[in-house]
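Mapping the sequence shown onto full-length UniProt numbering, position 112 (from 1) lands on 112, and the numbers just tick up by one. This report refers to the structure that appears directly beneath it.
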Amino acid sequence: MSSLLQDLTSVLAVAGTGAAVLYAVYKSLLSTPIPGIPYNKESANHILGDIPNIIAVSKAGGRKKLWCADLTREHNAPLVQFFFGMGKKPAVVIADYREARDILLRRNKEIIRGSLNCDSWFGVLPGQFIAMEDSHPQFKSARALVKDLITPTFLHNISAPASYEMILDLISLWDLKAKIAAGRPFDADGDISHMTFDIMMATAVGLPSGDSTTVQQRLRLQVASELPRGGKGDDTPIEFPKAPNPELLNSIYAIENVIGTVSGLPSARLFHFFNNNFNPKMKRIEKTKNALLKFYTDQAIQRITSNPARFKPSCAMDYIVSRELQAAETAGTKPDLHSLVVRDGLMGFITGGQDSTHSTLCFTVKHLGQQPEIQKKLRDALQTAYSDAYHHHRMPTAEEITKTQVPYLDAFIQEVLRYTPPAIRVSRKAAVDMNILGHFIPKGTVLIFLIYGPTFNGKGWEVPEELRSESSRNHREGFGDWSDSGDPAEEFRPERWLKPSEKEGGEPVYDGMAGPFMSFSSGKRGCWGQRIAYLQLKLVITLLVWNFEFGPIPEAIDDWEMHDEIFARPWKNFVRIKRVGSL
């Protein structure tokens, strides 16, 4: 009996020790909330934190990237925290424009880009500076390679003319489609994607207009033996045969898909390891992409070395290769023109430009179809600004568009980006202990800045000025919350970006700082390609509105359901167009 009791005692002791160990492991996998900041109580006691909640939103058909904004509304606070689980520190969500911009722009020494950003990109473009912290040994050289691509010289002399030709190809394609459709709507997503890809390829590697994907699509329609036919009054979308995607565009789509996937995963690096090494499709795409980029690099090398004395850069690749040659000469080393940094520098330029502009233009054509009065006002403004082109029944030239200020066009573009931003949040990491809206934020905390939601597209919260940082209090610019202005935050209204001219009787002028806007992020690690994006949007929107009237789309095929990858895009993207009567 005594032996049995001893055995039972030993078993209970082992079980108790095991339970204690398991409990200790369980407790170590829980995140410790930051005092004073609202959070979901049940998530603090779950080893996966809030991840199950985010997954549930996605499975229900919702947008997981909107979950952070929903969390602030749920807790009725501009500052909330959520948990990644597995013992990681909480992340803090900032849903206040003034404080977000102040931290990104003026307190940027207190933050770094963070692994949430860098790791997402590291697995697909490790040599691009977007995947690097400022402290990365290759960051400065990687960024220096592409610094010419945002200069006025490049934008006006290389990018604008190349983009213009590719936009004309889309005008020609849509002319043909409009005639065939005869008033029926058609899906514009593929055409917009192909055009933005053509623009980036023309700008990046000098792709001739005749070789564009858009031209191939038009030729495909012209020689097709059977084509669908439209009819006025018919709301049924017309389906056109589609040209296959170029291999490099498929690579861009793969990158977009991967970035969209890892954004909701606990470990981006682990996903990239398995995806890059054990996914045959990804390995095949990577091999094809690298071969194409080598081909374009070799072409640039040939252009530069065949006649160095007379060489003049004609595309982004020429500038990148030239920079690498100059850097090697300065350092006294042999240039590596096929390095990872050179290759990913070009691919990052193409991918970022194609995807963001594609997304914005998809939203643009939806707004044009839904806002006939705004569309007419925009067209009137363009016809007034380019009066010579209008009176001579021609299109404005690339030079005219780039050199002419059209306040209502600028306001329209800004409103598209505010109301339907391609990106809806920005993340950084606290490099030091911080104070945000009166709360202590420990070093290493992931910071999520909302650029869609409270203060931007809806009512925010009243924050006592004494809780704001000194730099935030000293730099009040415009409205801190669109709901405090005369232009409701939830309405699409370009006029919010216009202010009266200081000249008596003068036309309204554009004011990009009128109120909350961070669609290109802010600060030293804000969107690197902002200038080229604005230029391309000005060119495309001017020429589309100049040439076509965008009619209303039937409700059955016109909603604002969206999907997120690197950037957001509408699922349904139909247009119903006809030629403007003046041309």
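For each residue, glycine too, the CB sits at the ideal point set by N, CA and C.
If you follow the alpha helix (DSSP H) that residue i is in, where does it begin and where does it stop?
{"i": "serine 163", "result": "160-181"}
{"i": "lysine 377", "result": "372-385"}
{"i": "lysine 281", "result": "280-306"}
{"i": "glutamine 128", "result": "No alpha helix (DSSP H) holds glutamine 128; DSSP gives it neither H nor E."}
{"i": "lysine 572", "result": "That residue, lysine 572, is in no alpha helix (DSSP H); it is neither H nor E in DSSP."}
{"i": "valine 463", "result": "Note, valine 463: premise wrong, no alpha helix (DSSP H); not H, not E."}
{"i": "alanine 254", "result": "247-262"}
{"i": "methionine 201", "result": "189-205"}
{"i": "alanine 556", "result": "Element bounds for alanine 556: n/a, residue is neither H nor E."}
{"i": "phenylalanine 412", "result": "407-419"}
When you compare the CB positions of residue i and residue j, do they come within less than 7 Å of one another, or not?
{"i": "residue 587", "j": "proline 494", "result": "The question about residue 587 has no answer, for the chain in this structure spans 1 to 583."}
{"i": "glycine 127", "j": "aspartate 355", "result": "no"}
{"i": "leucine 337", "j": "isoleucine 320", "result": "no"}
{"i": "alanine 188", "j": "asparagine 573", "result": "yes"}
{"i": "alanine 398", "j": "proline 161", "result": "yes"}
{"i": "isoleucine 401", "j": "leucine 176", "result": "no"}
{"i": "isoleucine 199", "j": "serine 163", "result": "yes"}
{"i": "isoleucine 424", "j": "lysine 65", "result": "yes"}
{"i": "glycine 332", "j": "phenylalanine 550", "result": "no"}
{"i": "asparagine 290", "j": "methionine 282", "result": "no"}
{"i": "valine 262", "j": "serine 120", "result": "yes"}
{"i": "serine 485", "j": "phenylalanine 479", "result": "yes"}
{"i": "methionine 395", "j": "isoleucine 451", "result": "no"}
{"i": "isoleucine 192", "j": "cysteine 362", "result": "yes"}
{"i": "leucine 149", "j": "leucine 437", "result": "no"}
{"i": "arginine 525", "j": "arginine 113", "result": "yes"}
{"i": "glycine 529", "j": "glycine 353", "result": "yes"}
{"i": "serine 43", "j": "phenylalanine 84", "result": "no"}
{"i": "alanine 543", "j": "isoleucine 167", "result": "Sequence check: residue 543 is leucine here, not alanine. Yes; because the gap between Cβ atoms is below 7 Å, this pair is in contact."}
{"i": "cysteine 68", "j": "isoleucine 448", "result": "yes"}
{"i": "leucine 248", "j": "leucine 292", "result": "yes"}
Under 8 Å by Cβ, that's how I've got residue i and residue j pegged, so tell me the actual separation to the nearest angstrom.
{"i": "proline 185", "j": "arginine 579", "result": "Actually they are not in contact, since the Cβ atoms of proline 185 and arginine 579 sit about 16 Å apart, beyond 8 Å."}
{"i": "threonine 455", "j": "aspartate 96", "result": "6 Å"}
{"i": "alanine 204", "j": "isoleucine 350", "result": "5 Å"}
{"i": "aspartate 481", "j": "glycine 460", "result": "5 Å"}
{"i": "isoleucine 415", "j": "arginine 496", "result": "Checking the sequence, you will find glutamate at residue 415 rather than isoleucine. Confirmed, about 7 Å."}
{"i": "leucine 221", "j": "phenylalanine 240", "result": "7 Å"}
{"i": "alanine 568", "j": "serine 359", "result": "6 Å"}
{"i": "leucine 378", "j": "tyrosine 419", "result": "The Cβ separation is near 15 Å, so there is no contact."}
{"i": "residue 585", "j": "arginine 101", "result": "Residue 585 is absent from the structure shown; the chain starts at 1 and stops at 583."}
{"i": "threonine 297", "j": "valine 342", "result": "7 Å"}
{"i": "glycine 260", "j": "aspartate 564", "result": "6 Å"}
{"i": "isoleucine 238", "j": "alanine 309", "result": "Contact flag wrong, Cβ pair sits at about 54 Å."}
{"i": "leucine 537", "j": "threonine 357", "result": "7 Å"}
{"i": "asparagine 257", "j": "isoleucine 285", "result": "That pair is no contact at about 10 Å."}
{"i": "glycine 47", "j": "leucine 30", "result": "One point to set straight first is that residue 47 is isoleucine, not glycine, in the sequence displayed. Contact flag correct, Cβ pair sits at about 6 Å."}
{"i": "arginine 473", "j": "glutamate 462", "result": "That belief does not hold up - the Cβ atoms of arginine 473 and glutamate 462 are roughly 15 Å apart, past 8 Å."}
Leaving out five residues before and five after residue i in sequence, what residues of the same chain have Cβ atoms less than 8 Å from its Cβ?
{"i": "asparagine 122", "result": "Note on identity: in this sequence residue 122 is phenylalanine, with asparagine being the wrong assignment. Here the set comprises Ala131, Ala268, Arg269 and His272."}
{"i": "glutamine 81", "result": "Pro33, Ile34, Ile37, Pro38, Tyr39, Pro90, Ala91, Val92 and Val93"}
{"i": "glutamate 165", "result": "Ala202 and Ser209"}
{"i": "serine 582", "result": "Summary for serine 582: the model assigns pLDDT 42, below 50, so the residue's position carries little reliability; its value from the coordinates is reported in the next sentence. Gln383, Tyr390 and His393, listed in sequence order."}
{"i": "glycine 444", "result": "Lys89, Lys429 and Ala430"}
{"i": "glycine 458", "result": "Ser483, Ala489 and Glu490"}
{"i": "isoleucine 158", "result": "Thr203, Pro313, Ser314, Cys315 and Ala316"}
{"i": "serine 28", "result": "Gly87"}
Which residues in the same chain have their Cβ closer than 7 Å to the Cβ of residue i, if we skip the five residues on either side of it in sequence?
{"i": "leucine 105", "result": "Ser522 and Gly523"}
{"i": "alanine 20", "result": "none"}
{"i": "arginine 143", "result": "Phe129"}
{"i": "threonine 236", "result": "Arg184"}
{"i": "proline 137", "result": "none"}
{"i": "lysine 366", "result": "Pro570 and Asn573"}
{"i": "isoleucine 553", "result": "Pro185, Gly369, Phe574 and Arg576"}
Specify, as a first and last residue, the run of the beta strand (DSSP E) that residue i falls within.
{"i": "arginine 425", "result": "425-430"}
{"i": "valine 146", "result": "Looking at the DSSP string, valine 146 is not in any beta strand (DSSP E), and its letter there is neither H nor E."}
{"i": "histidine 439", "result": "439-441"}
{"i": "aspartate 318", "result": "No beta strand (DSSP E) holds aspartate 318; the alpha helix (DSSP H) holding it covers 316-331."}
{"i": "histidine 393", "result": "Taken as a continuous stretch (DSSP letters only), histidine 393 belongs to no beta strand (DSSP E), as it is neither H nor E."}
{"i": "aspartate 564", "result": "562-564"}
Excluding five sequence neighbours on each side, which residues of the same chain lie with their C-beta closer than 6 Å to the C-beta of residue i?
{"i": "threonine 214", "result": "Asp169, Leu170, Leu173, His194, Met195 and Asp198"}
{"i": "phenylalanine 548", "result": "Ile577"}
{"i": "leucine 145", "result": "Ile320, Arg323 and Gly345"}
{"i": "lysine 312", "result": "none"}
{"i": "valine 432", "result": "Glu110 and Lys443"}
Shorter than 7 Å from the beta carbon of residue i to some beta carbon of chain C?
{"i": "valine 406", "result": "Chain labels in this structure do not include chain C; a single protein chain is all it has."}
Stretch pair the segment 320-336 + the segment 384-400: three plus CB contacts closer than 8 Å | Between the segment 320-336 and the segment 384-400, the count of C-beta pairs closer than 8 Å stays below three; the two stretches do not touch.
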